[in-house]
Each structure stands twice: as C-alpha cells, then as structure tokens.
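In the working numbering, the protein residues as written are 3 to 295.
The C-beta atom is built at its ideal place from N, Cα and C for all residues, glycine as well.
If you're wondering where the values come from, they're calculated on a predicted model, not measured in any experiment.
Have a look at the structure below, then the notes.
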Amino acid sequence: MRIGWIGLGKMGEPMAMNILRAGHDLTVWNRSPEKCKNLRAAGAQVARDMKSLAANVDILFVMLSDDAALQEVVLGANGVLAYLPAGSVLVEMSTVSVAVSAAISEVAKAKKIQYLSAPVSGSVALAAAGELTILASGNHDTYQSLQPVLLAISAAQFYVGEADHARVLKLAINMMVGFSAAMMGEALSLGLKNGLDRTTMLEVMGASVIASPLIGYKLEALKACDYSPMFDVSQMAKDFDLALEAGRDSDTPMPLAALVREGWSALIASGDGKEDFFKYVEMAARSAGLHNE
3 MRIGWIGLGK MGEPMAMNIL RAGHDLTVWN RSPEKCKNLR AAGAQVARDM KSLAANVDIL
63 FVMLSDDAAL QEVVLGANGV LAYLPAGSVL VEMSTVSVAV SAAISEVAKA KKIQYLSAPV
123 SGSVALAAAG ELTILASGNH DTYQSLQPVL LAISAAQFYV GEADHARVLK LAINMMVGFS
183 AAMMGEALSL GLKNGLDRTT MLEVMGASVI ASPLIGYKLE ALKACDYSPM FDVSQMAKDF
243 DLALEAGRDS DTPMPLAALV REGWSALIAS GDGKEDFFKY VEMAARSAGL HNE
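Quick look at the structure:
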C-alpha cells in the first residue's frame, strides 16, 4: 500500500517515522518543508505538494494542530479531498472539533473516499516509542484493514463506533487530563500551606490510590518545577474549547470544564501559554501565596 502523511509536528514526525521503520512505502508533505528533512534522510519520499501526494496514495494520514489547519489542508480549494482517488482512505488523527470532522466525513462520502477518524492519546515520548493509544470511528472494515499500519504507531487501538464517537472520546479524555493538573495544583498548595514537603507529597501521591500513568509520568518534572512543554497550555485551552463546544451542542452541562478553562486563560494572560499545561500547579501555588519555582 502506498501511504501518505501530512503534518510533521511534535507528534506527527515520530508517528510517521515509525510507519517508515515498519517497512511501509511512505511519502510525506508538510506546510513547513524543512520539517521533512528527517523523514527524507530516513528514506521517505517527499512530495512536492499536497496535490501530487493525495493523487498517488492509497492511504493518507493527516496530523495537524487545529480546525483551521485541517480545513485548509483537507477541505480547502486545493485540499487533499479534491485529489484523493475514489476508494482511497483518509485517516485523520488530529484533535479537532466534532463539527469539522463531520464536515470532512460528509465530503469524503460524496467522493467515495473511506474516512476514519482516529485521534491518538499519549505523549511525544509514547509517539516516538510507537506506544500511543488510537481511538477510531468510522467504517469497521476500513478500520480492520488498517491494522498493520496502526500497529506501527500504537500499543493499543480501540474502535468506538460508526459515527464520530472517537472525537468526543478524545476530547473527554483530554478534559480529564487537564483536570488532573488543576487537581494537583490545589492538592499540593493545601499541603504546602500546612507545612508538608513538596517532594514527599508527590512521592506519596504517586504511590496512592490517585496515581495514574499521567501522574507517574509527570512526578519528576513536578518535583523539579520543570514545565518544559510536552503539551502546552495553549493547546490544552484549545482542547477545552472544543470539549465545551461539544457539550453545548449536545446540551451537556460541564461546569467543571468551564471553571478549569478560565485557569488556562489566566495562564496565557500571564505569559505561560507555551509552558507545559501542568504549569497550572504553579498558578494554584501563587494563588495560595506560595512560590515554588
């Protein structure tokens, strides 16, 4: 199968690299051409433009930053849906709105292109290791046919339905991830204000009933007050906006999400928009009169 990949950001590049290393025929394209150099050096072909890529692949993966980028690349006048051949497969892996994903699905169906919504859960480190979790929705036979490729980039795959269920589930998970940062911030601030040691608290939390893979992954960084971005505040704010939009569209009350979303706005306003989203911990500490950095 001829596989194409568009979007070589922090997550997209290692994912595409793992497909190449698994022995698949891969051609890549990125809006910033310099980001193709590592894939080219590893043996991938680099398309001269989106049109030539889309017209010459059987499966096209797309991994972009937001709705605007996705609409331009997929639905725009020169977007890939204008050139993908009938019978090909479009696999969209970005974290985007349910609405834009549904619009892509509608156009793809009219052009007889199979569309799989397949956002991923996991960090950049898990992307590099090929151990992401894939949440997929769309035609089940299409999903099954893609297993050899999906196995190259993920340790777990979940098919969650025919409609755009994968989008909603991904937003729900990211919302809970964001809640974890807010929860840790208030819990640590309570302990620190009452004389507990930060490192001791974190070690106990990491071994307690509230421990999770996410908490375990963040413990050392939290001990060091290291907020080097793996997933930054502005990205989390975007995902909360998408989750809240989905909630409004489905008449789902989400008061906690709305409250925590204000925290992301406060961090962005204070200049922390490009810090890791766990910087929420320090914002909570500052609100309590603590200075941990």
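Next item on the list: Pull up the distance between the alpha-carbon of PRO231 and that of LEU216, whole angstroms please.
Entry: 15 angstroms
Next item on the list: Give the DSSP bridge partners of THR29, in chain order.
Entry: GLY6, GLN47
Next item on the list: Please say whether THR29 and ALA49 have beta carbons closer to each other than 8 angstroms?
Entry: Yes, these two residues count as a Cβ contact at 8 angstroms.
Checklist line | Proximity winner among LEU41, ASP27, LYS276, LEU292, relative to GLU15 (alpha-carbon distances) | finding: LEU41
Note to self: Classify GLN116: buried if its beta carbon has 16 or more other beta carbons within 10 angstroms, exposed otherwise.
What the structure shows: Burial is judged here by how many other beta carbons sit within 10 angstroms of a residue's own beta carbon; GLN116 has at least 16 and is buried.
Next item on the list: Rounded to whole angstroms, what's the CA-CA distance from SER191 to PHE280? Just pull it up for me.
Entry: 14 angstroms
Checklist line | GLU277 beta carbon less than 8 angstroms from that of TYR219 | finding: no
Notebook entry, point to check: Taking C-alpha atoms, which residue in ALA44, ALA287, SER107, ALA88 lies nearest to LYS195?
Noted result: Nearest of ALA44, ALA287, SER107, ALA88 to LYS195, Cα basis: ALA287.
Checklist line | Buried/exposed call for GLU94, threshold 16 Cβ in 10 Å | finding: buried
Notebook entry, point to check: Quick one: what's LEU134 bridged to in DSSP?
Noted result: LEU134 has SER156 as its beta-bridge partners, per DSSP.
Notebook entry, point to check: Start and end of the alpha helix (DSSP H) containing ILE217?
Noted result: 215-225
Note to self: Distance check for VAL75 and THR201, CA to CA, integer angstroms please.
What the structure shows: 46 angstroms
Note to self: Can you check which of these residues, PRO255, HIS167, ASP199, is closest to SER119 by C-alpha distance?
What the structure shows: HIS167
Margin query: Can you find the residues in the same chain that come closer than 6 angstroms, C-beta to C-beta, to ALA129, ignoring five residues on each side of it along the sequence?
Written below: MET13, PRO16, MET17
Notebook entry, point to check: Is DSSP giving TYR92 helix, strand or coil here?
Noted result: Residue identity check: residue 92 is Leu in the sequence provided, not Tyr. Strand at LEU92.
Check: Roughly how far, in whole angstroms, is the beta-carbon of SER99 from the beta-carbon of ASP69, given that I think they are within contact range, below 8 angstroms?
Finding: With a Cβ gap of about 5 angstroms, SER99 and ASP69 count as contacting.
Notebook entry, point to check: Per DSSP, ILE61 is paired with what?
Noted result: ILE5, VAL91
Margin query: For GLU295 and VAL126, I'd like the C-alpha separation in whole angstroms.
Written below: Unreliable positioning characterises GLU295 in this predicted model, as indicated by a pLDDT of 45, which lies under 50. The coordinate reading is nonetheless provided below. Computed Cα separation, rounded: 25 angstroms.
Item checked: 6 angstroms Cβ shell around ARG4 - same chain, five flanking residues per side excluded -> ASP27, VAL59, ASP60
Item checked: Option nearest ALA104 by Cα separation, candidates ALA239, LEU72, GLY132, LEU86 -> LEU72
Notebook entry, point to check: Below 8 angstroms between beta carbons: does that hold for ALA259 and ALA239?
Noted result: no
Next item on the list: Could you tell me which residues DSSP pairs with GLN116 in its beta bridges?
Entry: BP columns for GLN116 point to VAL91.
Next item on the list: Counting only the same chain and skipping the five closest in sequence on each side, list residues whose C-beta sits under 6 angstroms from that of VAL109.
Entry: LEU83
Item checked: For PHE160, the nearest candidate out of VAL122, GLY291, GLY132 (CA to CA) -> VAL122
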